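So the sequence lines, in the order shown, correspond to chains A and B. By the count of this note's numbering, the first sequence reaches residue 69 at its end, each step adding exactly one. By the count of this note's numbering, the second sequence reaches residue 1418 at its end, each step adding exactly one. C-beta: ideal position from N, C-alpha, C; glycine also. From a predicted model like this one, the values you see are computed outputs, not experimental measurements. Okay, so here's the structure we're looking at.
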Amino acid sequence: VLVQVTVNSRKCMANQMCVRTAPDIFELGTAGYSRVKREVTAADLDKLREAEEMCPTSSIMVEVLEEEG
Amino acid sequence: MTTPEAVQATDLVELTGRYFDLEPEIVQDPYPLFHRLQAEAPVLIFRSMATLTRYADIEAVIRDMETYVSRPVGASRVEAAAARLDPHRAALLRENVAFMGQWLSVSDPPAHTRIRGLAHRAFTPRHVAELRQQVQRITGELLDRAAEKGRVELIDEFAFQLPLFVIGAMLGAPAEDRRLVRRLSNALADFIGAEYRGIEEANQAIKEFRSYLHDLYEKRRASPGPDLLTAFMEAEADGQRLTRDELDATMVQLLFAGHETTTNLIANGLHALLTHPDQLARVRAEPQLIGNAVEEFLRWNTSSQVLHRSASRDSQIAGVGIPRGMTLRLFLGAANRDPERYEEPDRFDMTRADLKHLGFGIGPHYCLGQALARMETAIAVGTILARFPVIELDGPARWRPNLQLRGLEALPLRLRAA
């Protein structure tokens, strides 16, 4: 499976629950909003789902894409 | 009189003092004062505080949690107030502030991180969405009574009841205790929002609140549930995550802040629509705009107007020196009307391209209950509009004398059902 995560910085209010939940994946960018700092894999899925759940502004979107064949 | 012309002519420091002392005419419309402060003294040093009114400055202060902390530092505005009191009342003042000092909104890491972590999960957008049907049902029931009479005092008969019912259910406080919680909350609101007036009343309210809570804990201990109170009590019981004082303080803040601000958001919002017929017609014609409308309610008459911070070290803001220990008074309600941030900031317009605002703050302290407040307000105002094709103001709507909580004394309405 392919895992994708995006942060909508127009909605983000820098609450940083994502940074606390998964500090190895999320960080506060130079503009002051959350951003993804590295490639993510299926192994990150639990932490990504937790960050998605805890985001107060629903700014994090996790997508799981099944690979063909 | 404080027409905009009068505001221009009056000394800015004197005028600010009159607002801090809650002179009724300025309370009715503080925005001309805010605009003068933004233009002439965006960082005003006055009464041992730095008062800020510009969006960019306020956002920067809130975000810099190391320089500007939530707890008081050194000779704070609390000690300045205590110095003017007799020893007995000074002791009560310190007691009140010490209790409220454990509120999430005025705590710093690591305590803030720990307590916020315990509460946060109950207020996520997904959890809040699960409460929609319950909110819709209570809204319907409260409006049934208003429909029968054809008139309503919106705040007393509707806007405080709905959010208090919901937060009460989350915290194990029965619906029949609403009047008690409302009365105690009002005493705290006066204390917080009027420069520590009503010290004795607030002290008594805290005592009553705590004794009420201890009864709730006893009941919940006998029958634990899947609610937030049970989660808090488990955290307190293990002795590591929450002290008894923190439990009491957090419960009082959630019961108080969990309804007072949303009460005002609902009433301020409906009042804004009723005084802007074009906007009212627009949202009636396009009910899907209610989400935008709620954001504009939050910007245009922000129900929680002020945050305070303390400088943990010497700093400068817009060229003005802020010494360590100074209190900063941040007017979110002014930031949300900053002409440098918004085009025509005083125009109420739910179709603005950029509806982002500081009504719930920003950063780690970003309002815990914001998703719930937004949902309750959208359902409350949306349902009122759908149910009553004709809504008219039935008397004057005056703003309460409170710096912190911007809300109306009463909002009497005449209603005609479909």
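Check, Outcome
"For B/R1400, which residues of its own chain have a beta-carbon under 6 angstroms away from its beta-carbon, when the five flanking residues on both sides are left out?", "G1407 and E1409"
"Mind listing the chain A neighbours of B/I1362? Cutoff is C-beta to C-beta under 7 angstroms, in chain order.", "M13 and A14"
"Under DSSP, the alpha helix (DSSP H) around B/Q1316 begins and ends at which residues?", "Premise fails: B/Q1316 lies in the beta strand (DSSP E), S1315 to I1317, not in any alpha helix (DSSP H)."
"So which residues on chain B does A/E53 lean against when the C-beta distance must stay under 7 angstroms?", "T1124 and R1126"
"Determine the direct distance from the alpha carbon of B/E1200 to that of A/K11, and round the result to whole angstroms.", "43 angstroms"
"Can you tell me which of A/A43, A/E50 and A/T30 puts its alpha carbon nearest to the alpha carbon of A/E60?", "The identity of residue 60 of chain A in the sequence shown is Ile, whereas the question assumes Glu. With distances taken between Cα atoms, A/I60 lies closest to A/E50."
"In whole angstroms, what is the alpha-carbon distance linking B/A1397 and A/M17?", "40 angstroms"
"Determine whether the beta carbon atoms of B/T1124 and A/M54 lie at a separation below 8 angstroms.", "yes"
"Give me the subset of the segment 34–66 of chain A whose CB atoms are less than 7 angstroms from a CB atom of chain B, sorted by chain position.", "E53, M54, P56 and S58"
"How would you write the range of the alpha helix (DSSP H) that B/M1350 sits in, first residue to last?", "B/M1350 -> no alpha helix (DSSP H), and no H or E assigned at all."
"Can you look up B/A1311 in the DSSP assignment and give me helix, strand or coil?", "strand"
"I need the DSSP call for B/Q1370, collapsed to helix, strand or coil.", "helix"
"In three-state DSSP terms, what is B/R1114?", "helix"
"B/I1384: which of B/E1141, B/G1193, B/M1326 and B/N1292 sits nearest, CA to CA?", "B/E1141"
"Pull the bridge partners of A/R35 from the DSSP assignment, please.", "A/E27"
"Which two residues bound the contiguous alpha helix (DSSP H) that contains B/G1270?", "A small fix is needed here, since residue 1270 of chain B is Leu in this sequence, not Gly. R1244 to L1274 is the extent of the alpha helix (DSSP H) around B/L1270."
"Counting only beta-carbon atoms, is B/Q1240 nearer than 8 angstroms to chain A?", "no"
"Taking 8 angstroms as the cut-off, does the segment 1107–1119 of chain B touch the segment 1358–1378 of chain B (at least 3 CB pairs, one atom from each stretch)?", "yes"
"Taking the alpha carbon of B/L1403 as the reference point, which residue from B/A1334, B/M1375 and B/A1378 has its own alpha carbon closest?", "B/A1334"
"Of the choices B/L1265, B/D1278, B/N1268 and B/M1350, whose alpha-carbon is the least far from that of B/Q1288?", "B/M1350"
"Alpha carbon to alpha carbon, how far is B/E1234 from B/P1226? Give it in angstroms, no decimals.", "11 angstroms"
"Where do the N-terminal and C-terminal ends of the alpha helix (DSSP H) with B/L1162 fall, by residue?", "Q1161 to M1170"
"Smallest Cα separation from B/H1271: which of B/G1321, B/I1290, B/L1154 and B/E1344?", "B/L1154"
"Name, in chain order, the residues that DSSP records as bridge partners for B/F1046.", "B/M1049"
"Are there 16 or more other CB atoms within 10 angstroms of the CB of B/E1376, so buried, or fewer, so exposed?", "buried"
"On the criterion of 16 or more Cβ atoms from any shown chain inside 10 Å, does B/R1057 qualify as buried, or is it exposed?", "Just to set this straight, residue 1057 of chain B is Asp in the shown sequence, not Arg. Buried, by the Cβ-count rule."
"Taking the CB atoms as reference points, tell me whether A/V64 and A/V1 lie closer together than 8 angstroms.", "yes"
"Check B/S1304 in the structure and name its three-state DSSP category.", "strand"
"In three-state terms, what does DSSP make of B/M1001?", "In this prediction, B/M1001 has a pLDDT of 45, which is less than 50 and means its spatial position is unreliable; nothing more can be read from the coordinates."
"My output table needs one value for B/L1085: the three-state DSSP class, helix, strand or coil.", "coil"
"Please report the straight-line C-alpha distance between B/L1131 and A/N8, rounded to a whole angstrom.", "25 angstroms"
"Which chain E residues sit within Cβ distance under 7 angstroms of A/G32?", "Included in the structure are the protein chains A and B, with no chain E among them."
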